[in-house]
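Worksheet: one structure, shown below.
Residue numbers (the numbering used here): -14 to 150.
Below, the structure written as structure tokens:
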């Protein structure tokens, strides 16, 4: 999978996010109430296979050292191939390049596959934070990464296109 940086206004990214939001509403029966609002200051990545956008994710800065992983999604036809793990690795690398060694994220309690991905990728459950504190369906995680100079690749990290630089 080729992983590319995309603007928040990118139509392929928008199509992935619409699909994600539709799937989330179906999974939670509309109970969660979360609505996606694009963040122009987020850094978005899109995974492309055979010229088609099949996965996405984003990093949103919370503070100098901390970023939040957002909008993780893989189209259903492409699941089970390790693409979510590749995207997560690319997002972690993107955060490290910006000097952000702490990553946080939120997912729904009704998404056991996502929870397993994050746990198996070294994330630990933390109390709900920020906008998620009042959402009873939120499960939050954090991962602390080793600080690097931001230029060397860490072992096992996904290769990200140079357009991220």
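In this text, a Cβ means the ideal position worked out from N, Cα and C, and glycines have one as well.
Note that the structure is a prediction, hence the values are computed from the model and not measured.
First and last residue of the alpha helix (DSSP H) that includes residue i?
{"i": "residue 105", "result": "97 to 105"}
{"i": "residue 82", "result": "68 to 82"}
Should residue i go down as buried or exposed, given a rule of 16 or more other Cβ atoms within 10 Å for buried?
{"i": "residue 121", "result": "exposed"}
{"i": "residue 78", "result": "buried"}
{"i": "residue 18", "result": "Any reading at residue 18 needs caution, since the residue's pLDDT is 49, under 50, leaving its predicted position unreliable; the model's value is listed next. Its Cβ having fewer than 16 others within 10 Å, residue 18 is exposed."}
{"i": "residue 2", "result": "buried"}
{"i": "residue 67", "result": "exposed"}
{"i": "residue 74", "result": "buried"}
{"i": "residue 109", "result": "exposed"}
{"i": "residue 118", "result": "exposed"}
{"i": "residue 32", "result": "buried"}
{"i": "residue 173", "result": "The structure shown does not extend to residue 173, since the chain spans only -14 to 150, so no value can be given for it."}
Nearest to residue i by CA position, among the options, is which residue?
{"i": "residue 48", "options": "-8, 73, 80", "result": "80"}
{"i": "residue 71", "options": "126, 26, 30", "result": "30"}
{"i": "residue 27", "options": "-14, -10, 65", "result": "-10"}
{"i": "residue 93", "options": "-4, 6, -13", "result": "6"}
Between which two residues does the beta strand (DSSP E) containing residue i stretch?
{"i": "residue -14", "result": "Per DSSP, residue -14 belongs to no beta strand (DSSP E) and is neither H nor E."}
{"i": "residue 110", "result": "109 to 111"}
Using DSSP with H/G/I as helix, E/B as strand and the rest coil, what is residue i?
{"i": "residue 85", "result": "coil"}
{"i": "residue 216", "result": "Beyond the ends of the chain as shown, which are -14 and 150, falls residue 216; an answer cannot be given."}
{"i": "residue 126", "result": "strand"}
{"i": "residue 51", "result": "strand"}
{"i": "residue 58", "result": "strand"}
{"i": "residue 43", "result": "strand"}
{"i": "residue 65", "result": "coil"}
{"i": "residue 38", "result": "strand"}
{"i": "residue 139", "result": "Because the pLDDT at residue 139 is just 47, under 50, the model does not fix this residue reliably, and the value given afterwards should be weighed accordingly. Coil, per DSSP."}
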